[in-house]
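Residue numbers (numbering that gives the first Met the number 0), protein chains in the order written: chain A, 0 to 305; chain B, 0 to 305; chain C, 0 to 305; chain D, 0 to 305. We treat Cβ as the ideally placed atom computed from N, Cα and C, and that holds for glycine. Just so we're clear, the structure is a prediction, and the values are computed from it rather than from any experiment. Working notes for the structure below.
4 protein chains.
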Amino acid sequence: MKIGFIGLGRMGTGMAMNLLKAGHDLTVYNRTPDKLQPLVSHGARAARTLGNACRGEVVITMLADDAAVEGVVFGSDGVIANMPRGAIHISMSTISVALSERLAAAHAGVGQRYVAATVFGRPEAAAAGKLFIVAGGSHDAIEVCTPILRELGQSIFRIGEKPELANLVKLSGNFLIASLIESLGEALALVGKAGVDRHAYLGFLTSTLFPAPVYKTYGDLIADRHFKPAEFAAPLGFKDIRLAIAAAEGFRVPMPLANLLHDRFVTLLAQGGDDMDWSAIGQLAARESGDDGSGPVNQTSQALAQ
Amino acid sequence: MKIGFIGLGRMGTGMAMNLLKAGHDLTVYNRTPDKLQPLVSHGARAARTLGNACRGEVVITMLADDAAVEGVVFGSDGVIANMPRGAIHISMSTISVALSERLAAAHAGVGQRYVAATVFGRPEAAAAGKLFIVAGGSHDAIEVCTPILRELGQSIFRIGEKPELANLVKLSGNFLIASLIESLGEALALVGKAGVDRHAYLGFLTSTLFPAPVYKTYGDLIADRHFKPAEFAAPLGFKDIRLAIAAAEGFRVPMPLANLLHDRFVTLLAQGGDDMDWSAIGQLAARESGDDGSGPVNQTSQALAQ
Amino acid sequence: MKIGFIGLGRMGTGMAMNLLKAGHDLTVYNRTPDKLQPLVSHGARAARTLGNACRGEVVITMLADDAAVEGVVFGSDGVIANMPRGAIHISMSTISVALSERLAAAHAGVGQRYVAATVFGRPEAAAAGKLFIVAGGSHDAIEVCTPILRELGQSIFRIGEKPELANLVKLSGNFLIASLIESLGEALALVGKAGVDRHAYLGFLTSTLFPAPVYKTYGDLIADRHFKPAEFAAPLGFKDIRLAIAAAEGFRVPMPLANLLHDRFVTLLAQGGDDMDWSAIGQLAARESGDDGSGPVNQTSQALAQ
Amino acid sequence: MKIGFIGLGRMGTGMAMNLLKAGHDLTVYNRTPDKLQPLVSHGARAARTLGNACRGEVVITMLADDAAVEGVVFGSDGVIANMPRGAIHISMSTISVALSERLAAAHAGVGQRYVAATVFGRPEAAAAGKLFIVAGGSHDAIEVCTPILRELGQSIFRIGEKPELANLVKLSGNFLIASLIESLGEALALVGKAGVDRHAYLGFLTSTLFPAPVYKTYGDLIADRHFKPAEFAAPLGFKDIRLAIAAAEGFRVPMPLANLLHDRFVTLLAQGGDDMDWSAIGQLAARESGDDGSGPVNQTSQALAQ
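Pasting the structure below:
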C-alpha cells in the first residue's frame, strides 16, 4: 500500500521500518531530516516537503504531543491540505481526547477519513512489531488499516466508531501504570526503611500477587534508583497525566489518584527530574521519609524455593 | 507434630484441615464451638479450653484482628500462660506491626519462641494449601515451622529475624492491592462514562499490560458492581489500610496514596458498605461522577484476536 | 480622563458607574448591547464597535475568562489594534498568568502600556467602590492609573513591575478562599453529624479564632446548604483553581491542596453543580458521609455571653 | 471553692495561678514536683499524692495527651478512686473523643460528675485568663463550673449535654487552623517562588480578605521560616490531627483535607521536625518546590495606603 509516515522518533523509526519490511510503498517525513537516512537506505522515499508525504492512501503520524500534531496536520502545507479525498489519516501519537475529536471533525469536513490507533510499548517493542494497539474509527476505515496495524503490533483492540476513545484508553493506561509506580514507590519506601531487602520483596511480589512484567520493570527501577537515562521521560509522563485529567474534566469524572500523580510529577520536575524516567516519582516517598537509600540491606531476607 | 490451632474462621478451617491431612496431631480451638465439628470428624481433638490447645510444640493462631489476638494470647488462660518453654507460636493473622513486636517480646520473656507467618490468598487458596506465606523469626524457629508452612502454602518468603516485618509485608501487600482497586475504579469510571465497554476494556488490559489475576478479579467485580457477598469485607480492608498507615507513622514514611485509600474506605462505610467486598471502593469514582451504571454499553468495542 | 470600559457584567457595571460618578469621560462597550443603557443614561457614551472604546488614554477590560479577553484584545478590530501608542490597558479580569504575560508582551510590542489590576470583592463591593485591588505594571503606568483605581477600590496593593504577578495574587487568593470553604465543609460535616448545632458552632468560631467575614459568609452558606442563586458560580471557581494549578505547574510548585480542590469541583459539577455557588464544594464532605442534613439539631448548644 | 488541679505544664501553670488569684482553695499536683513551687509560693497546697489532689468539689486535669489522662484518672491511686461522690472532674486536656466518652461513663458509674472543657489559646492567653473555652456536660454540672471557667477564659461556649462534643470541637478547631497553615504554605510557596515579597503579600491578605490574627501569626512564621522554638510542637499538632481523623472514622465522615494534613505531619517529622512548631508543615510546599528561601526579595512590592 502507498503510505506516508510522519515522525521518525524513537518509536516511529522502528514502526516505519516494519512497514518497509512488509513491502509497503513508504514515503517518510521528519522535521529534522537527519532521521530519514536509515529508512531511505532500506527503501523508503524521503519526502522533501510535508505535503509530499500525504499523497498515498494512508498517512501515519507518530509525534510527541498535541502541538507537534497540530503543527503538521493544520495549515496550508499540512496533512489535511494535502491528503486525497477518501484517504485515511492514522494518528498514533499520544494526544489529547479533545485534539483527536478536532482531527476527526476536520478530516470529515473535507471528505477524508480518520483513525486513532494508539500504542502501548517501548521502542524495542515498536522495532519488534510487538506493540499493543487500540484502534478507533469507522468500521470500513479500520478494515483498511488492519493489515497495516498487524505489522506494527501483536494485538489490536477495536474500541468502536469514536476515534477519540482510543486516545482515552491510551491515557487511562498510562494513568494505571503511573498509579502502579506510585503504589510501589510508597510500599518500597515503607518496607525498605523498616529494613526489608527491596529486591527480595519485589521478588516475592512478582512471583505471587503481581506476576506482570510492569511490576518487575518499575519495581527494579525504583529499588535501584536507576532513573537515567530515561526510557520514558518524566515530562512526557506528566503530559499524559495532565491529558488524563483534562479528559476527566471533560467527562466530569473525579480522579483523586490522578490528582495525586499530578502533584508527584510537579514535585519531581521541581527537583531536577526533567531528564529522569517517569518512574522517578516512585522515589519521592522514600526521599520524603528522609531515607536516602544508603542504609544497610537486610541480608537475611530471602525467597525460599519450595 | 503436636500442634494447637486457634481460630476456625473461613481461612483457618481450610488451613487446619490441611494440617490434619498431612498427619499432624492437631488440637483445635474456636471461640464459638460450632466450628469444631468438621475438623473433629476428620480426626482433630477439640480443646475444651483455650489452654488445652497450647500444650504442643507449636500453636498457630489465625484470627480476625489485634483485639482477637490479644484476647487469646494474654491473660491467665491464654496462649502465653499455657505454652511450654521452647514451644513456638506461629501468628498468621493480619495484625499490627506494633502488636507483633509486643508478642515477640512477651514470648521471649518467658522462654517461648514466636514466628509471624502472614498469608496472601482467599479461603479457596487456604483450603487448597496454595497460600503465599511470608515468615519472620529466628532461623531455628523458622526451620522447625517450615514443614508445617509447606502444607499451607505454595511458596514461603523468609523475611529475616524480625517477625514483625512479616506483618509489615502483609500490610504493604494489601495496600498495593487496594491501590490497584482504586486505580482501576478511576480508570473504569473515566472510560465507562465516555462510552467504552468496561469488560472489553478489562479484556484488553489483562491480556496486554496487566496479565495478573488480581487485575482481572477486581476489574470484573468493579465493572459488574458485584460487591455482595463479600469475599473480603470492606471493614477488614479498612482495618488493614489503617494498620499500614499506623506502621508508616511508626517508621515515619509519608504515604499519600494510603491516605487517599483511607478516605475511600470511610466514604464507603458511611454509605452502607459494611457488608460489601473491599473492592467496592472501586465504585466510588463512578458514583461521584454521577454515573449509576445504567447507561448504554458500547456494543462495537471488541477485542480482535489476531 | 478619557477612558474606555469593556465588559459590563455584574462586576463591570458597578465599576463603570463609579468612574462616571467621579467625572471621567467614559465610553462603554459590551458584547450584548442591552447592558449599555443604564450607563448611557448616567452619561456614558456607547461605543458602536469595540474599536470605538479604545481611543482614550486608558482602556479597562473586565471580562469572564481568558477566551473573552483574547476575543476582545487580539484581532483586527481588537483593543491592541485600536489603542493609541502610549495608552494604557488596565486588565482587571481574573485570567491566567500566561495570558497576562502574553498581553504584556503584545502591548509592549506596539508601544502601548499594560497594567494588570485584579480585584477581590463581590458585585456589591464593586458598586460601592470598595474592592481590594492588586496592581502590577511599570511604575509610571501605575501612577497614571492610581486615581482611577482609587475610585474602584478601598485599597490598592502594588505588586511591582511584573503585571502577571497581580494575576497570580488574585488566583492565590481564590485558592485560599476555596481552601477555607473545604476546611469548613469538612469540620461542619464532622461536628454536624456528631450532633453539634452548626450555627452555634460557627458563632463560636467566628467570635474567637476566625473573626474574618469570609468564615461567617461561607460558613453560613454551607450550614444552610444555601447555594442558589450563585453569588460566584462553581464553574468560575473551578476555572480559578485550574488557573492556579496551571500557574503552579509553570513555576513548578506542588500544591496538593489545590489538587484536592480540583477534585472537589469536578465532583460538584458532575453532580449538578453548574448553577450553584462555588461554596457548594463545602457540602460534599457531609454528602459523602451520608448526612443529608435533615437530622435533629442539638438544641442545647448555645454560646454563653459572659 | 475547694479545687484540685493536676497538670502544671505551660498551660496549666497559668490557669492554676488564675484560680489562686480568684481566691479558690487550690491543691495542686504534678508528676514532676519541681513545677509546684511557684504555685505554693502564691498560696496553693502541694498534694503529696495524686489522691490528695482529688478531695475537693472539683478536680481539674490539664495534661498532654490520652495516655497522661488515663494514667492519672484510672487506677487505685487515681482521680476516680479518690473523688467524692457528686464531685466534678473538669477535663481540659486535648484528648480523644473516645477517651472523653469513657471518662464520662466511668465517672457516672461511681456517682461522680464529668465536664469536658476544652480550650483554645496559647500559654500567654492561659496566663491572662483569656482562653476560649468549649464546655460540655450536664446542665447542673456546667452551672457549678461556670464561675471557675470564667476565671480562665474570655468566653465560654456551651456545647450541650454530651461532654465529648467539647473534645470534638477542640479537635475540629485545630484541624481548621492546620488547614489554614497548609493553605498559606502553598500560597506563599507559589507567589514567593514567582518573586512576590512574602511579607507584603501577607500584609495585603491580612488587611483585606483575612483579617484574623491566626493568618498573621502563622503567615509570618512561614514567611520567616521561624519554627524554633516551638510554641506548639509538631508532634502535638500531629496528635490532634490523628485524633480528628479517629473521631471522623468513628462518625464515618470522610475528611480528605485532614488526611492530607496527616501526610504533611509524617513528612515533617521524618525530616527532623520534632522540635519545630506545627506551622512548619507550611514550609513543605516551598521545600518540595526546590525553593530554599534564599532567593532575592521583590523590593518593589509594597502596600499603598490610600
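Residue i to residue j span [Cα, whole Å]
i, j, result
"Glu142/C", "Ala134/C", "11 Å"
"Asp219/B", "Lys227/B", "13 Å"
"Ser75/C", "Val109/C", "14 Å"
"Asn258/B", "Ala105/B", "32 Å"
"Ile2/B", "Pro32/B", "18 Å"
"Gly272/D", "Pro212/C", "33 Å"
"Val71/B", "Gly13/B", "20 Å"
"Met0/D", "Leu25/D", "8 Å"
"Gln111/D", "Ile158/D", "20 Å"
"Ala243/D", "Gly6/D", "23 Å"
"Val96/D", "Val118/D", "15 Å"
"Gly152/D", "Ile180/B", "50 Å"
"Leu204/C", "Ser178/D", "14 Å"
"Ser171/C", "Tyr200/D", "10 Å"
"Met91/C", "Leu208/C", "33 Å"
"Ala233/D", "Glu100/C", "40 Å"
"Lys215/A", "His198/C", "54 Å"
"Met10/D", "Tyr28/D", "14 Å"
"Asn51/B", "Arg30/B", "13 Å"
"Thr48/D", "Arg263/C", "54 Å"
"Ala245/B", "Met275/C", "39 Å"
"Ala247/A", "Ile94/A", "14 Å"
"Glu160/A", "Val265/B", "39 Å"
"Ser206/B", "Gly249/B", "39 Å"
Local Cβ density within 10 Å of residue i, reported as buried at 16 or more and exposed below that
i, result
"Leu18/A", "buried"
"Gln270/D", "buried"
"Ser40/B", "exposed"
"Ala284/A", "buried"
"Arg286/A", "buried"
"His23/A", "buried"
"Pro162/C", "buried"
"Ala107/C", "exposed"
"His225/A", "exposed"
"Asp196/C", "buried"
"Gly42/B", "exposed"
Whether residue i touches residue j by CB criterion (7 Å)
i, j, result
"Asn166/B", "Ala115/B", "yes"
"Ile221/B", "Gly281/B", "yes"
"Ile132/D", "Ile155/D", "yes"
"Arg149/B", "Glu230/B", "no"
"Ile89/C", "Cys53/C", "no"
"Leu164/D", "Ser182/C", "no"
"Met254/C", "Glu185/D", "yes"
"Ser140/D", "Ile87/D", "The sequence given here places Ala at residue 140/D; Ser does not occur at that position. The answer is yes: Cβ separation under 7 Å."
"Leu267/B", "Ala279/B", "yes"
"Ala45/A", "Leu35/A", "yes"
"Val78/D", "Ala188/C", "no"
"Ala124/B", "Tyr113/B", "no"
"Asp65/D", "Leu98/D", "yes"
Query raised in the report: At a cut of 8 Å, does the region 51–58 of chain C reach the region 75–91 of chain C through at least three beta carbon pairs?
Result: Yes, since at least three Cβ pairs between the region 51–58 of chain C and the region 75–91 of chain C fall closer than 8 Å, the two stretches touch.
Requested in this report: Please list the residues of the region 262–290 of chain B that have a C-beta atom closer than 7 Å to any C-beta atom in chain C, keeping them in chain order.
Outcome: Answer set for the region 262–290 of chain B: Thr266, Ala269, Gln270, Glu287, Ser288 and Gly289.
Query raised in the report: Counting pairs of beta carbons, one from the region 182–196 of chain C and one from the region 234–246 of chain C, are three or more of them closer than 8 Å?
Result: no
Report task. Please list the residues of the region 97–125 of chain B that have a C-beta atom closer than 9 Å to any C-beta atom in chain D, keeping them in chain order. Result -> none
Requested in this report: Identify each residue in the region 176–210 of chain C for which the Cβ-Cβ distance to at least one residue of chain A is less than 9 Å, and report them in chain order.
Outcome: Using a CB distance below 9 Å, no part of the region 176–210 of chain C faces chain A.
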